[in-house]
DNA sequence: AATGAATGAGGCTTCATTCAT
DNA sequence: AATGAATGAAGCCTCATTCAT
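Chains as they are written, first to last, in the numbering used here: chain U, 15 to 213; chain D, 15 to 213; chain X, 15 to 213; chain S, 15 to 213.
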């Protein structure tokens, strides 16, 4: 029974992929406020098809975030393998910033509405993916010990607005300066006692 | 010097204040996307009354931001006068964070759409108000020298998302931890060369 | 008793005149759709004052039309006095066209909403003023005999749209051509039997 | 050649027709200023449905005018085929007048705002449709030679106000008299030199 | 007596979502 | 299974008129 490959399933999968591609692009370019119609149009499918695969716009956002999360996990894994621990960690943060800089929708999810849109499970995976490189860096002594995974997520969120600076209508990349600034705070030598995270 | 604005009639002033109060509350609670009708309803006035004082929603946002800016400038002035320079500077940043924490609309203006919604003049005053305490702290040697006013605004923006954390629908105040973290980066001892701001 | 000149009456008259002046200009430039607020502003009075003198916007339109009607009657009188009857009649029509060409509000009253906005009395006077020059011209044999005063008003209305032609946003004066055309129809030699006016 | 528009789905076509019918009726009865909501209500559809077919009220007006233009072109074609050239031409003008008499919206388009609401293409087609019967009538010697297509449009516009006469709230059809009057001006025998159209 | 503040219905348009085809 | 049609609440804004000051 299981062996039957239903041919329509293939179509469905293709359409799903199309929608995801279109949504990825649209969200990246225009943010989460982009219309459902626009996404369907870009995907070359009807709105109904889109809603068949994703019961709600929120679900679509979740799915797109899932993709991004997968990439984030990939990036996190890479950060666990480099020779130079410190360099790998910096590269990790750097990539995270680039992801926000190049993806308005991702920035939206991370820093704004997002908190109420992604699933608890995704939230947990996000935290886990952040934890790995952090712990490795801490073990190597290049990052202060009093930071936890949640903190790294917050640092990530702090990077967000710095990737959104505009100067006369045109975007400017100021974030590398602020990533460097944040790195200054992450060094063990900079550490002063932090108020604990509540609860 | 004084803009020649004749004082509003008593009732008008009262209603204007009501609208501003309602807008302040509504923006603070629900962000800039709150509807004009909702604000008018909260103020207990008709939509037309609101539009008499503020020809556009944007103008209303500007006016609310103006109020906040005045408070911000007051806070900035206070930060120039305390005995303990370092302590005054920290208190300054602290107040800034509280302002964002308690005001979703302010957070919106600062970190999001805001750049395109407030006037250039307001933007400049915001920068100026940030510059004073920063320079004083730098002169006293408690803050690293390579930071400029724009950087303090970015630090302000970085604080934003940390004031927006939710845990199960309820807001939680994590931001003091991240303010402390950012302060670690601001200390002269933490300084490493930063990439310059472009242009 | 009657001899007392109440000083406030003078103010009132002045304000009334101001409003009329402003309305005349505003209606002439922008048509009847111009806002009441705009008129009050131009007059330098409050909206309430305007409404004290004219209970309704329609009443204001009537008053302005009254002015125009007075001028129209003056023009009509002049047309009764010239040496050359035919020439005087043409000048009369010409002036009527100019009045519409230079006064958007007048054109509006005449050709559009107006019919339902002016008083029956004004309507009658308008007709009477048209009748004089017409009858004189007919008596002199320069205009066909089967036209009545109402017809001349309709000819006047026909001229209206020809004074409103635009070419690429800019107004162009095509109406002299169409006045000449209409004059061709008014000559006795051109006459063929016309369907009678109903009622 | 054919614009590749896939045929509308049955229900969509039905609703589109309903909207057009409702708009036609509403515009005809109440003019172009009738509200979009009113049209949707008459059509028995939601406002959104209307906006799906016509992205803007202006577009709806254009579409209605398109229908009228098609009818006008049909009428124009008929005027090219009758045996009696003069009679056909008169019938043509007669129909044009009826169209305005029965359709306030059409009258609005033609004589008022319309110039800025219909497309340049429609404007050109209107002119072309007017030109055919005119030239035929001129070739047959029943209409004076110094008239051009634009003049016929102006004659059409002149007819407009004559179809809008009211007597005590009720419309009265006076226009046939004025059409006859205008025809008197169009006869070759009536011709006197006309001022040229500027530019 | 004059002012201009207040009103609120009405105007056009957008968009997430449901549902008939 | 796919489509796109339909919905209607909500959004921002205008304006003639009434009414408190």
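Beta carbons: idealized from backbone N, C-alpha and C, even for Gly.
Asked                                                                                                                                                                         : Found
Would the beta-carbon of residue 197(X) fall within 8 Å of that of residue 173(X)?                                                                                            : no
For residue 77(X), collect the residues of the same chain with a Cβ closer than 8 Å to its Cβ; drop the 5 residues on either side in sequence, then sort them by chain order. : 34, 37, 68
Of all the CB atoms in chain S, is at least one closer than 8 Å to the CB of residue 70(X)?                                                                                   : no
Using the Cβ count rule (16 or more neighbours within 10 Å means buried), how would you classify residue 31(U)?                                                               : exposed
On the three-state DSSP scale, how would you describe residue 184(U)?                                                                                                         : strand
Find the residues of chain D that neighbour residue 198(U), judging by a C-beta separation of less than 9 Å, and give them in chain order.                                    : 158, 198, 199, 200, 201, 204, 205, 206, 208
Would you tell me roughly how many angstroms separate the C-alpha atoms of residue 168(X) and residue 109(X), rounded to the nearest one?                                     : 15 Å
Would you report the Cα separation of residue 141(S) and residue 164(S), rounded to the nearest angstrom?                                                                     : 7 Å
Classify residue 52(D) as buried or exposed, calling it buried when 16 or more other Cβ atoms lie within 10 Å of its own Cβ.                                                  : exposed
Quick check on residue 119(D): buried or exposed, where buried means 16 or more other Cβ atoms within 10 Å of its Cβ?                                                         : buried
Please state if the CB of residue 212(X) and the CB of residue 186(S) are separated by a distance shorter than 8 Å.                                                           : yes
By the DSSP assignment, the alpha helix (DSSP H) with residue 92(S) in it spans what residues?                                                                                : 71 to 93
Using a Cβ-Cβ cutoff of less than 6 Å, which residues in the same chain neighbour residue 144(D) once the five nearest sequence positions on both sides are dropped?          : 163, 166, 167
Please determine whether the Cβ atom of residue 70(X) lies at a distance below 7 Å from any heavy atom of the ligand ZN.                                                      : The ligand content of the structure shown is nil, which means the ligand ZN is not present either.
Let me see if you follow: with CB-CB separation under 8 Å, is residue 127(D) close to chain U or not?                                                                         : Because the pLDDT at residue 127(D) is just 49, under 50, the model does not fix this residue reliably, and the point stays unresolved.
If we cut at 8 Å on Cβ distances, does residue 65(D) have a partner in chain U?                                                                                               : no
Which class does residue 135(U) belong to by DSSP, given the choice of helix, strand or coil?                                                                                 : helix
Under 7 Å Cβ-Cβ, which residues of chain U neighbour residue 195(D)?                                                                                                          : 199, 208
If contact means a Cβ-Cβ distance below 7 Å, which residues of the region 91 to 118 of chain U contact chain D?                                                               : none
Hey, residue 137(U) and residue 171(U): beta-carbon distance below 8 Å or not?                                                                                                : no
From the beta carbon of residue 168(X), is the nearest beta carbon of chain S less than 8 Å away?                                                                             : yes
In chain X, what lies closer than 7 Å to residue 174(S) by C-beta?                                                                                                            : 175
Quick check on residue 190(S): buried or exposed, where buried means 16 or more other Cβ atoms within 10 Å of its Cβ?                                                         : buried
Shortest alpha-carbon distance to residue 111(X) belongs to which of 89(X), 132(X), 100(X), 39(X)?                                                                            : 89(X)
Please check if any C-beta of chain D sits within less than 8 Å of the C-beta of residue 186(U).                                                                              : yes
So, for residue 153(S): in the same chain, excluding its five sequence neighbours on each side, which residues have a beta-carbon less than 7 Å away from its beta-carbon?    : none
Under 7 Å Cβ-Cβ, which residues of chain S neighbour residue 141(X)?                                                                                                          : Those do not exist, as residue 141(X) stays about 13 Å from chain S at its closest Cβ, beyond 7 Å.
Ordered along the chain, which non-local residues of its own chain (more than five positions away) have a Cβ less than 8 Å from that of residue 139(X)?                       : 83, 87
So, residue 177(S) versus residue 130(S), is the Cβ gap smaller than 8 Å?                                                                                                     : no
Would you tell me roughly how many angstroms separate the C-alpha atoms of residue 209(S) and residue 104(X), rounded to the nearest one?                                     : 14 Å
Kindly indicate which three-state DSSP category residue 205(U) falls into: helix, strand or coil?                                                                             : coil
Give the straight-line distance between the Cα atoms of residue 188(S) and residue 179(S), rounded to the nearest whole angstrom.                                             : 7 Å
Counting only beta-carbon atoms, is residue 147(U) nearer than 8 Å to chain D?                                                                                                : no
Among 66(X), 45(X), 43(X), which one has its Cα closest to the Cα of residue 27(X)?                                                                                           : 66(X)
What in chain X is Cβ-close to residue 190(S), meaning under 7 Å?                                                                                                             : 209
Between residue 46(S) and residue 75(U), what straight-line distance do the alpha-carbon atoms span, to the nearest angstrom?                                                 : 42 Å
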